[in-house]
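Numbering (our numbering), first residue to last: 467 to 555.
And the structure:
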């Protein structure tokens, strides 16, 4: 993930933005961006509060993050090829 892309993740958390996140496997998760942290595998994650509760998503699994309302920062961010995808190539 590029530094500029990570900045958008941090902006989403700073403003508690409702976002839709699409993962490499095509699954989508909607929730409010709350924070970033590291999981047990020492991967940086975004913490989302969703209808199912709080979840951490490794940043290297994300291919797209879409804001769920208009804002001056971003509407949709397509992330560069992830580290996991490169490792599996």
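Think of the CB as a built atom: it goes at the ideal place given N, C-alpha and C, for glycine as much as any other residue.
So for residue i, helix, strand or coil by DSSP?
{"i": "residue 549", "result": "Confidence in residue 549 is poor, its pLDDT being 47 and thus under 50, which makes the residue's placement unreliable; the coordinate value appears in the next sentence. Three-state DSSP puts residue 549 in a helix."}
{"i": "residue 532", "result": "strand"}
{"i": "residue 526", "result": "helix"}
{"i": "residue 492", "result": "coil"}
Just checking my contact of residue i with residue j at CB under 8 angstroms: how many whole Å lie between their CB atoms?
{"i": "residue 475", "j": "residue 502", "result": "7 angstroms"}
{"i": "residue 485", "j": "residue 533", "result": "6 angstroms"}
Skipping 5 residues on each side, what residues in its chain have a beta carbon closer than 8 angstroms to that of residue i?
{"i": "residue 479", "result": "499, 500, 501, 502, 512 and 513"}
{"i": "residue 516", "result": "495, 496, 497 and 498"}
{"i": "residue 477", "result": "483, 539 and 540"}
Taking 6 angstroms as the limit between beta carbons, can you name the residues of its chain near residue i, skipping five residues before and five after?
{"i": "residue 527", "result": "489 and 490"}
{"i": "residue 524", "result": "509 and 511"}
{"i": "residue 529", "result": "488, 490 and 545"}
{"i": "residue 521", "result": "514"}
Spell out the partners DSSP gives residue i in its beta bridges.
{"i": "residue 521", "result": "514"}
{"i": "residue 504", "result": "510"}
{"i": "residue 485", "result": "497 and 533"}
State yes or no: is the beta carbon of residue i nearer than 8 angstroms to at least one beta carbon in chain C?
{"i": "residue 524", "result": "The structure shown contains no chain C; it holds only a single protein chain."}
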